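*Asks:* Reading the sequence shown from the start, the letters are residues 1155 to 1528 in the numbering used here.
Structure incoming, see below.
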Amino acid sequence: MLRPSVADIAFDAALFDQLRSALARGELSPTRARLPAPPRPLGDDALLDLDEPHARPARRARGEAALAARKVAALILNGGMATRFGGVVKGVVPVLPDRPDLSFLAVKLAGVRAAGVPAVVMHSFATAAASRDHLATLGWSGIPERDRHEFLQSLMPRVLPDGTPLVTLPGADLLPDTTVYAAPGHGDTLRRVRDSGIVAELRARGVEHLLVSNVDNLGASLDPTVLGAHLEAVEGGAELSVEVVARAPEDAGGCVADLDGRATIIESFRLPPGTSLAQYPHFNTNTLWISLAALERPYPLTWFPVERAVEWPGRDDLAVIQFEQLIGQITEFARTACLRVDRARFLPIKTRDDLAAARPAMTAIVKSVGLDPG
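Listed below in structure tokens is the structure:
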């Protein structure tokens, strides 16, 4: 079923057949993806507050020691389908006008280089070619070759609502890979970083923790105080820490709530109909600090059918389904701490308008990682 252009990318044909069959039988649906009842809002007492002045010096010292000992690495989520920014791979987009050398990837990696720790970049089949060419051009922002790691997400064919793969439809052979295939969500990261051998390699080099963040969030840096808070949480029994911020009115997406007595990331499409996000004051930034021990074991993440529309010659946009997993669902299985961080650590850029509005913040971040904004 796979074309030669993507035949070398991880693909589980048996799993795909199970998923599309379950979809056809109605066992996978947006309705079934919802929780039976709204989870309880998470209380402030369930969060580790990074604004506590008395705790900051000790946390910072602890984080600095871990960075100096290279017990930490950074994983940059550079996957997805490259559908925003006019179809351009976001990681190679300049964060400042007329500076192609100052891309999201360049700035993220410069911060990792400044911290002196290994970098891991995750690509998808849609972002890999452009990103790898760009990384070669910028020399990974000066990161030594021994500290450069990268891996590919797996892929899943898109299907019609009845489970028919798009790749089997008449005329599909004339359409690009990005129409008939999809990257299976960031939850795929947990499996692929382990199966790629990178977790084992990092472990052998003494790495114990991984900072996971989106390529478009330059605020999510290897801050030693935040790292120190994560290490404090791990000492208290946590296996991973989630960075959360106070929800702003414009924030759309997931929340952090109390599900069966534990702090859990829950995407909005999983909440029962009529549930107001306003009752959940804590917003998930999709920045996670994960212990390597937690990454060394598999998790039974749910496969969700996500509705999309694709362009199809000779007809209106075609309604399709792509199967995805959520990285945040790891919080249902691994002991999780919540770190209440400053809003400056959450600077997601989803559109070019967002990028233009964030120019002052981008300039400051570029300077902070040792680059010249010009």
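Where is the CB? At the ideal position from N, CA and C, for every residue including glycine.
From a predicted model like this one, the values you see are computed outputs, not experimental measurements.
1. F1305: which of V1271, L1189, F1279 sits nearest, CA to CA?
2. Please list the terminal residues of the continuous beta strand (DSSP E) segment that includes P1459.
3. In this structure, what does DSSP give as the bridge partners for T1490?
4. Can you list, in chain order, the stretches of the beta strand (DSSP E) that have 3 or more residues and sit fully within the region 1413-1439?
5. Does the Cβ-Cβ distance between L1493 and V1361 come in under 8 angstroms?
6. Enumerate, from N- to C-terminal direction, the unbroken beta strand (DSSP E) stretches of 3 or more residues contained entirely within the region 1329-1376.
7. When the Cβ atoms of the region 1366-1384 are set against those of the region 1452-1471, are three or more pairs found closer than 8 angstroms?
8. Buried or exposed: where does E1461 fall if 16 or more other Cβ atoms within 10 Å of its Cβ makes it buried?
9. Would you give the residue range spanned by the alpha helix (DSSP H) that I1475 belongs to?
10. For my contact list, V1274 and A1336 are in at a C-beta cut-off of 8 angstroms; report their separation, rounded to the angstrom.
11. Under the rule that 16 or more other beta-carbon atoms within 10 Å means buried, what is Q1433, buried or exposed?
12. Mind listing, in chain order, the continuous beta strand (DSSP E) runs of no fewer than 3 residues lying wholly within the region 1257-1296?
13. Is the Cβ-Cβ distance between Q1479 and W1457 less than 8 angstroms?
14. Please report the residue range of the alpha helix (DSSP H) in which D1508 lies.
15. Threshold first: 3 residues or longer. Then list the beta strand (DSSP E) segments lying entirely within the region 1167-1246, N to C.
16. Applying the criterion that 16 or more other CB atoms from any shown protein chain within 10 Å of the CB defines a buried residue, is G1241 buried or exposed?
17. Assign T1237 to buried or exposed, taking buried as 16 or more other Cβ atoms, counted over all protein chains shown, within 10 Å of its Cβ.
18. Are the beta-carbon atoms of L1221 and L1365 separated by less than 8 angstroms?
19. Once you ignore the five residues that flank A1411 on each side, which residues in its own chain have a CB closer than 7 angstroms to its CB?
20. Rounded to the nearest angstrom, what separates A1264 and A1518 at their Cα positions?
21. To which residues of the same chain is S1395 closer than 6 angstroms at the C-beta, ignoring the five residues directly before and after it?
22. When DSSP labels each residue in this structure, what does V1399 get in the three-state scheme?
23. Taking L1446 as part of the alpha helix (DSSP H), name the residues at either end of that continuous run.
24. Which residue from S1367, F1477, R1348 puts its Cα closest to that of V1334?
25. Spell out a yes or no on whether the region 1305-1319 and the region 1283-1294 are touching, meaning 3 or more CB-CB pairs, one atom from each, closer than 8 angstroms.
26. Skipping 5 residues on each side, what residues in its chain have a beta carbon closer than 6 angstroms to that of E1486?
27. Taking the C-alpha atoms as reference points, what is the distance between R1213 and P1207?
28. Rounded to a whole number of angstroms, what is the C-alpha to C-alpha distance between Y1453 and G1528?
*Replies:* Reading it off the structure:
1. F1279
2. 1458-1464
3. L1394
4. 1416-1420
5. no
6. 1363-1368
7. no
8. exposed
9. First-last for I1475: 1472-1478, but that is the beta strand (DSSP E), not the alpha helix (DSSP H).
10. In fact, because the Cβ distance is near 22 angstroms, the residues do not count as touching under 8 angstroms.
11. exposed
12. 1273-1277
13. yes
14. 1506-1511
15. 1201-1203, 1226-1232
16. exposed
17. exposed
18. no
19. P1193, R1194, P1195, L1196, T1418, I1420, Y1434
20. 14 angstroms
21. H1384, A1387, W1443, A1491, L1493
22. strand
23. 1446-1449
24. F1477
25. no
26. T1418
27. 10 angstroms
28. 46 angstroms
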